[in-house]
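In what follows, a structure is listed as structure tokens, so that the remarks can point back to it.
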Amino acid sequence: MSQHEVLNSEKHRQLRVKTGYGAALGDAVMYAMTYPMEFRDIQSCYPILFTKDSNTGGFFAVAILGFEADQNLFLQDDRWDAAYVPALIQRQPFLIAKSGEGDARPPVVSIDLDHPRVSQDEGEALFDDGSEPSEFLKKKIALLDKLHRGLQHGSGFIDTLLQHELLEQIAFDIVFNDGSKKTLQGFYSIAEERLYQLKGDVLESLNQAGYLQPVFMAVASLSRVRDLIERRNRLQVSQAAG
Amino acid sequence: MGYYSHMEDRISRIVVVGGGSAGWLSAGVIAAEHRVDPEARQPFELLLIESPDVPTIGVGEGTWPSMRSTLQRIGLSETDFLRECDASFKQGTFFRNWHTGNGDTYSHPFTVPTDYADTNLAPHWLALADAPPFADAVTPQTALFADCLAPKQITTPEYAFVVNYAYHLDAGKFVELLRQHCTGKLGVKHIEANVSQVNAAGNGDIRSVTTDRAGEISGDLFIDCTGTKSLLLGEHFEIPFQSQQAYLFNDTALAAQVPYTEDDQAIQSCTHSTAQTAGWIWDIGLPTRRGTGHVYSSAHISEDEATGQLLAYIKEVAGDKAAASIAPRKIRYQPGHRREFWHRNCVAIGMSSGFIEPLEASALVMVELAAGMIADQLPPTRDVMDIVAERYNRKFLRHWQQIIEFLKLHYVLSARDDSPYWQDNRAASSIPEKLSEQLLLWRYRSPWHQDAEAVDDLFPIPSYQYILYGMGFRTEPRHTGSRRQELHQRHAAELFRKNAARAAQLQQALPGNRDLLNKVREFGFQKL
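Chains as they are written, first to last, in our numbering: chain H, 146 to 387; chain Z, 33 to 560.
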């Protein structure tokens, strides 16, 4: 499914990366992973929920894009209809990998050669004639750098939420305009009642870790669910019209 | 009675005599419900006296699903429990050679038949031509047995399930974990000493026990967890022991730990029970080893022969090399129980109250029920204790009676004719009267809700269905038919179909036991 290689100016000299958006480019996903430093941008467009990694059972934060697998309600043909696109989407097909065993090794930029954005003849070049990174690649590297710092900052976020029992299961029972129903399962949100009972010292420690603002951003983001339902309802109408 | 005398009457100190899983589990359940730590609102103490010289017997490696709520109740994390106790998931029991002895098999899973509350599938299953085995037809759980699949996923919260489950565990490690938790978290006081004398109060209660290195220890309620010795209830109060060997012949066990042949060998999803000529062999899979043992009737087979059968079994499942290194440990026991269990201010829990063969792993669940009832109904004063005691005795006599009848059912239904043991097991004189009546009734209608005696029956009616129809018992169809027969049949056919689909779906979705246990070791379960 994916084939990761550390980016190399010799080996990957000819590679190109397709830009823009579209289902064929791998953008038809129900959610995108996110991290606390990004919550402020995310909550302006998407609901932020938490779900579990099927391999480890561990929680991670996600920006919700649709109501079922492979459904991205922000994707309109080749357009992403939102003011902000999650960094984990923007960075495709690049990723950060460790350069070796152990946590001390510096991260290196890698590429998923099996990603649909990777091409031999179409899209942006990665290197210029002098084997230097292209402007396009430089921007992606800057994004990955920001992403890396965000993930590091957020690495203790979930444990902190669990420690203070700030996550709770959430079940959405949604009825769309066309009468169809959808139950969104396997998602968790901030436990608001517990949040409002937190005492001074806990609030202070959350604030110092830079986690207090993201917690409230996640709470605020739930009002984006209404927009998501509207998008789904419009989808029905346009499909019926089409 | 005046205010002050009432205060003196208050139950404020419980003394558990004896460690082992019975002692520590009881202490844990009671201490979780009644704060005994120094910050508690009322002065209330829970002491456990454990002999530093007597090793625990270490039987009882199989549990019931009730153990999940018991562990949760005492505040243990499931991840810690699984990691510390070398525990694995148990989804029921798989029986081999019990019916004909010619390689026959059947299952007793922990999941009740699908739609059991509203539909009795047994008569519909009996009417099927080419029916799959009963358990396979009515629950998806048995489909997981063959591939050694787990009852849940790593994303399932702790103690929650996809299909109902209990545990197999290392009893020695379990005691160790409970001891740490009870003393470290729950405020139970641990006294390492041997009890040398039981001292009576003027009214006939136990006033105190004298120990060899901790002096005299007084208490308001004594819990006797001294094992078969039954030091307080049996020796001090002389409450008679009632043998049940007339019904259940087995009185000896040979236990042996068996290594896996490969490190990553699959871990069985259920207890395996394989009938022999004069008993049966248990086989349970833990992450690091298997626990096996032969339970038999010493009147029907010699120890040498019983050992030979156990070694032959081990050779079959684990190879010659494993069998060569085995030195079985022998445990003699008298099947039966005390005439009463709570006498004056003393209640016996665990083997001090009685013991029966582990055919349906009833030992630990009885400890959980006993400790639970004491925790829930703890008499606040001495003058109400006798009322609680009487209720307790009635309830637990009923539990013992049901255990004996239900275990006997496994033997009565056997068609094996290859040894006097199986023939003797079907002699009318060896069958409890109530069981004979039930069997007669069930020839004409299958057991369902109307056969449940009490809401807290130890063995629910689905268990009877699994044993009866697993062992080839036939219930005749009703002669009179029903006006809505066709409707019922259509509904039943739909349930059978859905069950098969669910089984196939679960086989795809659930990981292997070992895979999941490895993940628990690495990541742990989430609490939500």
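Cβ atoms here follow ideal geometry from the backbone N, Cα and C, with glycine treated the same way.
Any chain Z beta carbon closer than 8 angstroms to residue i
{"i": "residue 163(H)", "result": "no"}
{"i": "residue 197(H)", "result": "yes"}
{"i": "residue 313(H)", "result": "yes"}
{"i": "residue 201(H)", "result": "yes"}
Any non-hydrogen atom of the ligand FAD closer than 7 angstroms to residue i Cβ
{"i": "residue 312(Z)", "result": "In the structure on display, the ligand FAD does not appear, and there are no ligands present to speak of."}
Residue from the options with nearest C-alpha to residue i
{"i": "residue 436(Z)", "options": "70(Z), 277(Z), 447(Z) and 102(Z)", "result": "277(Z)"}
{"i": "residue 249(Z)", "options": "79(Z), 482(Z), 318(Z) and 531(Z)", "result": "79(Z)"}
{"i": "residue 502(Z)", "options": "103(Z), 267(Z), 139(Z) and 108(Z)", "result": "139(Z)"}
{"i": "residue 197(Z)", "options": "127(Z), 169(Z) and 94(Z)", "result": "94(Z)"}
{"i": "residue 253(H)", "options": "217(H), 161(H), 151(H) and 367(H)", "result": "151(H)"}
{"i": "residue 371(Z)", "options": "361(Z), 365(Z) and 387(Z)", "result": "387(Z)"}
{"i": "residue 49(Z)", "options": "61(Z), 241(Z) and 87(Z)", "result": "241(Z)"}
{"i": "residue 413(Z)", "options": "396(Z), 445(Z), 376(Z) and 425(Z)", "result": "376(Z)"}
{"i": "residue 233(H)", "options": "251(H), 352(H) and 206(H)", "result": "206(H)"}
{"i": "residue 70(Z)", "options": "162(Z), 85(Z) and 218(Z)", "result": "218(Z)"}
{"i": "residue 219(H)", "options": "199(H), 168(H) and 318(H)", "result": "168(H)"}
{"i": "residue 271(H)", "options": "147(H), 149(H), 160(H) and 383(H)", "result": "160(H)"}
{"i": "residue 460(Z)", "options": "443(Z), 391(Z) and 518(Z)", "result": "443(Z)"}
{"i": "residue 366(Z)", "options": "396(Z), 330(Z), 338(Z) and 216(Z)", "result": "330(Z)"}
{"i": "residue 359(Z)", "options": "351(Z), 343(Z) and 349(Z)", "result": "343(Z)"}
{"i": "residue 339(H)", "options": "359(H), 307(H), 380(H) and 358(H)", "result": "307(H)"}
{"i": "residue 334(Z)", "options": "85(Z), 153(Z) and 311(Z)", "result": "311(Z)"}
{"i": "residue 15(Z)", "options": "151(Z), 390(Z) and 131(Z)", "result": "Given that chain Z is displayed from residue 33 to residue 560, the structure contains no residue 15(Z) and the question cannot be resolved."}
{"i": "residue 298(H)", "options": "260(H), 353(H) and 173(H)", "result": "353(H)"}
{"i": "residue 351(Z)", "options": "231(Z), 294(Z) and 300(Z)", "result": "294(Z)"}
{"i": "residue 433(Z)", "options": "205(Z), 164(Z), 104(Z) and 394(Z)", "result": "394(Z)"}
Exposure label - residue i; buried when at least 16 CB within 10 Å
{"i": "residue 37(Z)", "result": "Confidence at residue 37(Z) is low in this model, with a pLDDT of 42, below 50, so the placement of that residue is unreliable and no value is reported for it."}
{"i": "residue 304(H)", "result": "exposed"}
{"i": "residue 175(Z)", "result": "buried"}
{"i": "residue 293(H)", "result": "exposed"}
{"i": "residue 163(H)", "result": "buried"}
{"i": "residue 481(Z)", "result": "exposed"}
{"i": "residue 472(Z)", "result": "exposed"}
{"i": "residue 277(H)", "result": "exposed"}
{"i": "residue 322(Z)", "result": "buried"}
{"i": "residue 345(H)", "result": "exposed"}
{"i": "residue 525(Z)", "result": "exposed"}
{"i": "residue 19(Z)", "result": "The structure shown does not extend to residue 19(Z), since chain Z is modelled only from 33 to 560, so the question has no answer here."}
Beta-carbon contacts of residue i that lie in its chain and below 6 angstroms, excluding the five residues immediately before and after
{"i": "residue 195(Z)", "result": "143, 173 and 183"}
{"i": "residue 155(Z)", "result": "478"}
{"i": "residue 382(Z)", "result": "54, 257 and 399"}
{"i": "residue 448(Z)", "result": "133 and 454"}
{"i": "residue 221(Z)", "result": "79"}
{"i": "residue 125(Z)", "result": "140, 302, 303 and 305"}
{"i": "residue 500(Z)", "result": "none"}
{"i": "residue 233(Z)", "result": "239"}
Residues bridged to residue i (per DSSP)
{"i": "residue 194(H)", "result": "207(H)"}
{"i": "residue 239(H)", "result": "256(H)"}
{"i": "residue 323(Z)", "result": "289(Z) and 316(Z)"}
{"i": "residue 156(H)", "result": "Note: residue 156(H) sits in no beta bridge, so no partner."}
{"i": "residue 358(Z)", "result": "Answer is none; residue 358(Z) lacks a bridge partner."}
{"i": "residue 253(Z)", "result": "46(Z)"}
{"i": "residue 231(Z)", "result": "240(Z)"}
{"i": "residue 274(Z)", "result": "369(Z)"}
Residue i at chain H interface by Cβ criterion, 8 angstroms
{"i": "residue 527(Z)", "result": "no"}
{"i": "residue 512(Z)", "result": "no"}
{"i": "residue 187(Z)", "result": "yes"}
{"i": "residue 555(Z)", "result": "yes"}
{"i": "residue 539(Z)", "result": "no"}
{"i": "residue 560(Z)", "result": "yes"}
Contacting residues, own chain, Cβ-Cβ under 8 angstroms from residue i (five flanking each side not counted)
{"i": "residue 229(H)", "result": "186, 187, 189 and 190"}
{"i": "residue 213(Z)", "result": "60, 106, 107 and 108"}
{"i": "residue 330(H)", "result": "316"}
{"i": "residue 200(Z)", "result": "93, 94, 95, 119, 120, 121, 122, 303, 316, 317, 318 and 323"}
Beta-carbon contacts of residue i that lie in its chain and below 7 angstroms, excluding the five residues immediately before and after
{"i": "residue 159(Z)", "result": "509"}
Positions along the region 203-221 of chain H whose CB lies within less than 8 angstroms of some CB in chain C: As a matter of chain content, chain C is missing from the structure shown, whose protein chains are H and Z.
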